[in-house]
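Under this note's numbering, think of the first position of the sequence shown as 27, with each following residue one higher.
This report refers to the structure that appears directly beneath it.
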Amino acid sequence: MADRDIIYLSATELGRRIKSGEISPVEATEAYLDRIEEVEPTLNAFITVLADEAMESARQAESEISAGVDKGPLHGVPVGVKDQIHTAGILTTSASKLRADFVPDEDATVVRNLKRAGAVIIGKLNMTELAFGDPITSAFGVTGNPWDPPRNPGTSSTGSGAATAAFMCATSLGEDTGGSVRGPAANCGLVGLRPSWGRVSRYGVDGASWSLDTIGPISRTVEDCAATIGAIAGYDPRDPYTWDTPVPDYASALGGGISGLKIGLVREFTDPEVSPATSATLDAISVATDVLTELGADVQQVSLPLSPLAGLASRTISAVERAGLHPEWIRERADDFHPNIRVQLMTADLIPGMVYNKAQKMRSMIRAQTLEALESVDVLLMPTSPAPPQVMDLTAGINTEREAASWLNDASFRGLFSMVSGPALSICSGFTTEDGVELPLAMQIAGTPFDEATLLRVAHTYEQATEWHTRRPPI
């Protein structure tokens, strides 16, 4: 197989061909490094490319596979990791000047798990500064969207979305607080899974919001997503918030179809009379539900009356928790922040404790309402984002009151399921055209805590009945 074609294989298909001996891990890693060299100047998706380390890992994987060792579907497969996830002896910056020289002494648990699964870590991926949701704030430059570089690739895991969509890594890890796995997946036409809170260890990850953060995969196919979450999930005694509950074989759970499955359309985000989503977004959801119905699902409307407040509540919670992580930074090194992040942190410092408490109470009410709805349906469905990816304003400063209100409204789409603490998955639901550019749209599937398997099964069944995952960005 030509090196150029290797990068277009899904992560799991590449893994199968590596296992069979058709492709070597060294060949695969070289192909991806060549691709990075080709498109990185345009997209700026990486902070650190680990060419030497990746080639060493690839040679080790090749030796292991030749000796009959099988570490799983990602053995020898190049994977990218968001730069807030610690890597021993390798720069880990969180895209901030404040961490520009930070080199951890040990790997994060998810990185250790990837290495245990035989994955080749090919680089550390760009992101928004300290995982805030502003796409222009990285101290290492703005990341572009492979479908149209001036557009937002999704935040805060900007590099994870862009690098995976542009075939610069086979699959990747992001971190999701209010939607930072699902947003990049939506904007880049990918599959992104926010696992249940406590399903994946956060040990060795620079935090953003202790009660919302979780690590999840951003992948090109549902099968790749299942393989990636399968490699990193599980109890970790070093993270007291992980649950000691069995991790299913997600890959084997993909089959079986969805006949008889009950899917609840969240009225507040899918009904054209009340949803703030664009007509293109809602049209794609309508077509997707027709597909799901034809596949045997029972699609019905459900209402979550409090869900439009999820953005306000989740942003309040995350802002206060972020500001409390390193209060000395804003006191002693304020000038080292991007101006937008500095303003957000200083504003968060002024939020009264009673407001944070009210937001947490609202979270409990929204969570209860959502889990009650999930007693009558198997999964919930709604758009991941209200619109396709938009052009970034690289000069944007402090938001006006109107812009801030719109930002909080948009945050409800993904913040809703962040606060529920169950799993939520984004998958491409179609394309639309703006200014002559084809752009991806996405839908979100959510379920009860620790039922990632059902979400993956629904998404895989839908994916196999559509062709969206076969499209390639023009870059």
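Even glycine gets a Cβ: it sits at the ideal position worked out from N, Cα and C.
Residue closest to residue i, alpha-carbon to alpha-carbon, out of the options
i, options, result
"TRP223", "GLN490, VAL446, GLU493, THR480", "VAL446"
"PRO210", "THR474, SER452, ARG497", "SER452"
"ALA234", "VAL463, ALA121, ALA310, ASP29", "ALA121"
"LEU408", "ASN139, PRO334, GLU39, ALA80", "The residue you asked about is not Leu; residue 408 is Met in the sequence shown. When each option's Cα is compared against that of MET408, the closest is PRO334."
"GLU460", "ARG177, LEU156, PRO130", "ARG177"
"ASP404", "TYR382, THR480, PRO414", "THR480"
"PRO500", "SER305, GLY230, GLY170, TYR229", "GLY170"
"ALA491", "ALA57, SER455, LEU465", "SER455"
"LEU7", "SER183, TRP236, ALA345", "Only positions 27 to 501 of the chain appear in the structure, and residue 7 is not among them; the question remains open."
"PRO302", "PRO412, GLY286, GLU358", "PRO412"
"ARG125", "ALA277, ARG440, ASP109, ALA252", "ASP109"
"GLY98", "ASP127, PHE128, SER46", "SER46"
"THR410", "LEU467, MET194, GLN395", "LEU467"
"ASP60", "GLU48, ALA80, ILE44", "ALA80"
"PRO172", "PHE193, THR154, GLY159", "PHE193"
"ARG208", "SER227, GLY242, ALA196", "GLY242"
"GLU155", "ALA336, ARG264, GLU320, THR118", "THR118"
"LEU318", "VAL65, TYR488, ASP375, TYR229", "TYR488"
"SER278", "GLY256, GLY260, PRO263", "GLY256"
"ALA336", "SER83, ALA394, GLU320, PHE476", "ALA394"
"TYR229", "TYR58, PRO130, ALA385", "PRO130"
"GLU401", "PRO175, TYR34, GLU358, VAL328", "VAL328"
"LEU280", "GLU493, ASP477, PHE295, THR271", "ASP477"
"VAL463", "ILE116, ASP174, GLY94, ILE148", "ASP174"
"ILE111", "PRO331, PRO67, ASP232, ARG138", "ASP232"
Limits of the unbroken alpha helix (DSSP H) element including residue i
i, result
"ASP250", "248–258"
"ASP375", "365–375"
"GLN395", "379–399"
"VAL95", "Note, VAL95: premise wrong, no alpha helix (DSSP H); not H, not E."
"SER227", "SER227 -> no alpha helix (DSSP H), and no H or E assigned at all."
"LYS45", "37–46"
"ASP202", "Note, ASP202: premise wrong, no alpha helix (DSSP H); beta strand (DSSP E) at 197–202."
"GLY218", "Looking at the DSSP string, GLY218 is not in any alpha helix (DSSP H); the run it does join, the beta strand (DSSP E), is 217–220."
"TYR488", "478–491"
"ASP29", "29–32"
"GLU556", "Examination of residue 556 is not possible in this model, given that the chain is present from 27 through 501 alone."
"LEU156", "LEU156 -> no alpha helix (DSSP H), and no H or E assigned at all."
"VAL346", "336–349"
"GLU299", "Where GLU299 is concerned, there is no enclosing alpha helix (DSSP H), given that its DSSP letter is neither H nor E."
"THR190", "184–191"
"GLY209", "208–214"
For residue i, the residue or residues it bridges with in DSSP
i, result
"ASN171", "ASP174"
"LYS288", "ASP324"
"THR74", "LYS150"
"ILE116", "THR113"
"LYS108", "LEU151"
"PRO243", "LEU199"
"MET469", "PRO409, ILE453"
"VAL463", "GLU460"
"VAL129", "VAL129 pairs with nothing; no bridge assigned."
"VAL417", "ARG177"
8 Å contact criterion, which residue i and residue j should meet: CB distance rounded
i, j, result
"HIS486", "GLU249", "7 Å"
"LEU40", "VAL103", "6 Å"
"ALA191", "THR38", "About 17 Å separates the two Cβ atoms, so there is no contact after all."
"THR55", "VAL146", "6 Å"
"GLY205", "GLY441", "7 Å"
"THR195", "VAL65", "Here the sequence assigns Cys to residue 195, which means Thr is not the residue at that position. Not quite, the Cβ-Cβ distance comes to about 12 Å (not below 8 Å), so this is no contact."
"ILE258", "LEU140", "6 Å"
"LEU238", "SER390", "14 Å between Cβ atoms; not a contact."
Extent of the continuous beta strand (DSSP E) run through residue i
i, result
"LEU140", "Element bounds for LEU140: not the beta strand (DSSP E) but the alpha helix (DSSP H), 135–142."
"ILE62", "Note, ILE62: premise wrong, no beta strand (DSSP E); alpha helix (DSSP H) at 51–69."
"GLY281", "From DSSP, GLY281 is part of no beta strand (DSSP E); its letter is neither H nor E."
- Query: Taking three-plus beta-carbon pairs below 8 Å as touching, is the region 301–311 in contact with the region 480–493?
  - Reply: Contact annotation: the region 301–311 does not touch the region 480–493, with fewer than three C-beta pairs closer than 8 Å.
- Give a yes or no on contact between the region 282–298 and the region 320–329, applying the rule of three or more CB pairs nearer than 8 Å. Short answer: they touch.
- Message: Pairs of beta-carbons, one from the region 69–82 and one from the region 151–166, closer than 8 Å: are there three or more?
- Response: Because the criterion of three Cβ pairs below 8 Å is met, the region 69–82 and the region 151–166 touch.
- Query: Quick one: any contact between the region 432–439 and the region 336–349, if contact means 3 or more CB pairs under 8 Å?
  - Reply: In short, these stretches touch, since the Cβ pair count reaches three.
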